[in-house]
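Numbering (our numbering), first residue to last: -10 to 703.
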């Protein structure tokens, strides 16, 4: 049986048709504008000419004959772009245009238009990435590539960055085994070996394929550019020293990641050393520098403060003149019935000048600087912070014996009298009674001997009891007396000028990392400094306290009392009654650690406990489903993801909960049997110390000035 002949396909002919013989077909299916605009397409045709012919059909007359005009059902955007070039006189009206002429009529114009738009395949992103890379290698810069293809320079940089991902990963992407979002995440690192290592680590676990996991793994040994160390050193200095910064071109990365943490630390220390030398050259006895200091590092030191610089004679004269002019003009304006804008403006001008006189630069006494020092550290924003004016105990001026000469002349004015004879005194009520006789005034044979010590004790015991009784009858003075004793211990360190035997202990908890950076520590420090600036010399403190109004006294009392609060759990110091009292006090204050601003992070909790406790925290805070999302992870990744999941959950670990608190609202499940409290304290002691995360003080916030003291009292 003979095979039937296969009919050969005949292509539609290609013809060059003058542009003014073409018209846009109304059968073109494209109605919605999409992709490159007509104007941009016209620019591209003007640069590289037509890359694709127009598909046209002859327009027929009533008898079916061709009229010499052709309609364009497929290629309408190219036709309109050519029209723009004609209007711009960059293209002649009768310029021949390459066209494919369809005279067969086997398909409709609408079908041809639809087929042209549907059957084409967009370029695979990887091919676009490689094409941009090829153009760059041909000598085109990023801006030129962006201009030619009507995209932003940032887009070109992103594509070029994606083309730099490990070829092994790009091959997987080409096979659709890796998503585009994952390739974008891998692009933050230029280290192909590290990229492939991370993929091997996560490829077997679908839960770890998310882009943010990939970014975290690629940057886990780096330092973020918004870290205070990186801000302090600066990207320019870091890169000049040979450091590399990883950048994410696809998401906000706050400046990227500094890859070499060791180099960054060294640059920080080098710069801190130079800054410390500069500050010490200003006259300080010593300067200590560190990235951060533990909380309470100034404990035991007295602090001196800068005072406004004195005004010169010219400044005093100018101040007096401005003040006189202001007062005269203000008095005149007060008597006027109508407002006068000119006078108001003048008063504002004079008032501003007076304010400038009040804002004098603060300077330290050179004698104080000679015995004091400064701590310099980095603030959270990376700026250098200087805490100056601290006097160490060993640098305190030693009080010289003012009465050395008098002692030398005691007893008949004989300077050769022995120390043993001169020290034979008893101090009573601040007065010294000599152990010898005064022959010049008392010619008696034996003279007046000092009172027996036992008698002095008996008499002063009676005085003490009577004074106690009197103090008990005056509540206001009793309050001031206790306040006086507390202030001496809080602000004067070594002053022992109170008759009350009240001791205030204030632990600094300097072993707790990051405690000084908490909002509570900063508020306490601000409040303490505000009061410290107001304190007089210790011998004038009593009068100072009596002169305070009641609200200020209460605020100061609350501040001093609060510094002795201790709710820390220590395995060697069992204090169940004290801890129960701390919970009762917190309940009375309406205090809660969540409202105070505490939330679980890798540093303050999650990175320091076992995996079982991390999962339990997420289970309590977010429920069983969330816990199952992380229970398969390695500990470091689990801790970071748990911190993200627990944001806004109000979850607290056991040591921070008050009596009666129940965090298991989501699951109602108890801690696994293999993770008991005893295990956490004993078997897991290295990861969960018993004193974990116990901010011990809660203070009302104040800043400076009397108004702030009053607010603290309220």
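No residue lacks a Cβ here, since even glycine has one placed at the ideal position from N, Cα and C.
By the neighbour-count definition (other C-beta atoms within 10 Å, threshold 16), residue 562 is an exposed residue.
Here residue 267 is exposed. Its C-beta has fewer than 16 other C-beta atoms within 10 Å.
Shown here for residue 145: same chain residues with a beta carbon closer than 7 Å to its own, the five before and five after excluded, namely 121, 131, 134, 135 in chain order. For residue 3, the uninterrupted beta strand (DSSP E) run begins and ends at 3 to 7, by DSSP. Under the rule that a run must span 3 or more residues, the beta strand (DSSP E) segments found entirely inside the segment 231 to 292 read 275 to 278. Of the residues 601, 138, 637, the one whose Cα lies closest to the Cα of residue 610 is 637.
C-alpha of residue 60 to C-alpha of residue 207: approximately 57 Å in a straight line.
For residue 46, the enclosing beta strand (DSSP E) covers residues 43 to 49.
Fully contained in the segment 44 to 130 are the following alpha helix (DSSP H) runs of length 4 or more, in chain order: 65 to 76, 98 to 107, 114 to 126. Contact holds between the segment 28 to 36 and the segment 72 to 90, because three or more Cβ pairs, one in each stretch, are under 8 Å apart. Taking 8 Å as the cut-off, the Cβ atoms of residue 550 and residue 591 do not count as close. The criterion of a C-beta distance shorter than 8 Å is not satisfied by residue 234 and residue 250. Shown here for residue 171: same chain residues with a beta carbon closer than 7 Å to its own, the five before and five after excluded, namely 198, 200, 203 in chain order. In the DSSP annotation of this structure, the continuous segment of the beta strand (DSSP E) that includes residue 377 starts and ends at 373 to 380. By the beta-carbon neighbour count (other beta carbons within 10 angstroms, threshold 16), residue 544 is buried. Looking at 276, 577, 331, the one whose alpha-carbon comes closest to that of residue 361 is 276. By the 16-neighbour rule on beta-carbons within 10 angstroms, residue 352 is exposed.
Inter-segment contact for the segment 88 to 97 and the segment -3 to 10 is present: three or more beta-carbon pairs are separated by less than 8 Å.
Ranked by how close their Cα comes to the Cα of residue 465, the residues 48, 220, 540, 5 have 540 in first place.
Residue pairing by DSSP places residue 366 opposite 374 in a beta bridge. Secondary-structure assignment with DSSP links residue 351 through a beta bridge to 297. Take the alpha-carbon of residue 566 and the one of residue 648: they are about 13 Å apart. For residue 597, the three-state secondary structure derived from DSSP is helix. Closest by C-alpha distance to residue 370, out of 334, 347, 280, is 280. Measuring C-alpha to C-alpha distances from residue 156 to each of 118, 143, 128 identifies 118 as the nearest. Setting aside the 5 residues that flank it on each side, residue 163 is surrounded in the same chain by 115, each with a C-beta closer than 6 Å to its C-beta; the list follows chain order. Of the candidates 381, 348, 477, 381 places its Cα closest to the Cα of residue 363.
Note: residue 562 is bridge-paired with 559 in the DSSP secondary-structure output. In the displayed model, residue 168 falls within coil according to three-state DSSP, outside both helix and strand.
Contact between the segment 530 to 537 and the segment 468 to 482 is present: three or more C-beta pairs spanning the two stretches fall below 8 Å.
At a cut-off of 4 residues, the continuous stretches assigned as alpha helix (DSSP H) that sit fully inside the segment 516 to 556 are 530 to 536, 539 to 551. At least 8 Å separates the beta-carbon of residue 339 from that of residue 303. DSSP places residue 12 in the uninterrupted beta strand (DSSP E) bounded by 11 to 13. Residue 515 and residue 161 have their C-alpha atoms some 57 Å from each other.
Distance from the Cα of residue 167 is smallest, within the candidate group 627, 185, 494, for 185. Linking residue 102 to residue 65 through their CA atoms gives a straight-line distance of about 9 Å.
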